[in-house]
Each structure stands twice: as structure tokens, then as C-alpha cells.
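Enquirer: Below is one structure. I have some questions about it.
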Amino acid sequence: MEATLAQSARMVAAHVAASLPDADTLLASLPPGALEGSPDRYTRHLVHADPFERFSVMVLVWRPGQFSPVHGHRTWCAYRVLRGTLAERHYRWNPEDRTASQVNAVTREAGDTFSVPAGLRHIHALGNASDAVAVSLHIYGVDQDRIATGVNLLVDTIVS
Numbered sequence: 495m496e497a498t499l500a501q502s503a504r505m506v507a508a509h510v511a512a513s514l515p516d517a518d519t520l521l522a523s524l525p526p527g528a529l530e531g532s533p534d535r536y537t538r539h540l541v542h543a544d545p546f547e548r549f550s551v552m553v554l555v556w557r558p559g560q561f562s563p564v565h566g567h568r569t570w571c572a573y574r575v576l577r578g579t580l581a582e583r584h585y586r587w588n589p590e591d592r593t594a595s596q597v598n599a600v601t602r603e604a605g606d607t608f609s610v611p612a613g614l615r616h617i618h619a620l621g622n623a624s625d626a627v628a629v630s631l632h633i634y635g636v637d638q639d640r641i642a643t644g645v646n647l648l649v650d651t652i653v654s
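Taking the numbering used here, the leading residue of the sequence shown gets 495, the next gets one more, and so forth.
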């Protein structure tokens, strides 16, 4: 079952990469001011909810310096950077002390598409380390009503 969910996330990421070449059209459909973000934290905007409650599509707006908490996922996720750059920090889970430690970091540029399976095999923090607003599209394998509680699996980290 876990392999099937990871395969689903990869298939969704590949489909997003092939089907969404024009980010500007999608971003133009957002409400006025949505791309400004919030000074307090990154913001999420629902752009599609599957009528069968299988997935939700969100646009996330990241102001400079805004990062997600370190987390795994309760469900699969695929995302694409639409505008700007995002920094993604990867962590390794230690089941003995139930903490994660950072192992590397990568930069995701506009057009980059990535998938994340459910669980603790891909723990990360995603955010904007640049000086300009960044925007990303995320597809989560949960209904819109479960976005707040059904996606991120927060973990403690070891600072090295």
C-alpha cells in the first residue's frame, strides 16, 4: 500500500509538470491581493477540491524568510514551484530518539516539480530563503476539510 501511495505522488507530480506549463494563467485566477501573502506566515489558497474528496489543490504564497515547520506527511503530496525559488531542507528520522536531523538542503526553482510520499521517509522543511515572494502549487491526497490536520506530520529536530 505504501509503495502505491508513493507511486501515486510521483504520477501526480509528473502530470502536474506536463499539464501546467503556464503558471501565470493559474495565478491570475486567484483573488486580488492573494499573491502578496501574509506577514505572519506562508498562506494557502484552495484552487480545486476533488468532488470525490480524494485530493485538494492549493497555491502557497511564501514571503521572504517564511518556512514551514519540519515535517513528514500524513498523505502523499506533489508540488511545483510556480514563481521564485524555494529552499528545501531534508532531514533523516531517528526512530530511537524520535527526532530528525538535517542531512542536506536543495534549491527548487520555478518549474521544478517534486513528490513526497506519506510517512517519515521524506522529512523536510520548505520555505523562501530569497528576497522576493515565491509561489508554489501543492496537491495533497486529502479532502479540503482535512488540509489543516491531515497533511503535515510535525517532528522534533536535533540541532547540530
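Quick reminder that beta carbons are idealized off the backbone N, C-alpha and C, glycines included.
For clarity, every value in this text was computed on a predicted model and none was experimentally measured.
(1) Which two residues bound the contiguous alpha helix (DSSP H) that contains residue 644?
(2) Comparing the C-beta of residue 640 with each C-beta of chain C, is any distance below 8 Å?
(3) For the segment 637-648 against the segment 573-580, do three or more pairs of beta-carbon atoms, one drawn from each stretch, fall closer than 8 Å, so that the two count as touching?
(4) From the DSSP output, in three-state form, read off residue 604 for me.
(5) Any heavy atom of the ligand HEM inside 7 Å of the beta-carbon of residue 516?
(6) For the segment 602-617 against the segment 534-550, are there 3 or more C-beta pairs whose distance is under 8 Å?
(7) Helix, strand or coil for residue 647, going by three-state DSSP, please let me know.
(8) Would residue 648 and residue 565 qualify as a contact pair, given that the criterion is a beta-carbon distance under 8 Å?
(9) Determine the contact status of residue 558 and residue 626, defining contact as a CB-CB distance below 8 Å.
(10) Determine the contact status of residue 629 and residue 551, defining contact as a CB-CB distance below 8 Å.
(11) Keeping to the same chain, check which residues put their C-beta closer than 8 Å to that of residue 617; ignore five residues upstream and five downstream.
(12) Assuming residue 597 contacts residue 571 (C-beta within less than 8 Å), just tell me the rounded distance between them.
(13) When the Cα of residue 555 is compared with those of 542, 568, 576, which residue comes out closest?
Expert: Judging by the given coordinates:
(1) 641-644
(2) Protein chain content of the structure displayed is limited to a single chain, and chain C is not contained in it.
(3) no
(4) coil
(5) This structure lacks the ligand HEM, and indeed carries no ligand of any kind.
(6) no
(7) strand
(8) yes
(9) yes
(10) no
(11) 564, 565, 566, 584, 585, 586, 587, 594, 649
(12) Rounded, the Cβ-Cβ distance is 19 Å, inconsistent with contact.
(13) 576
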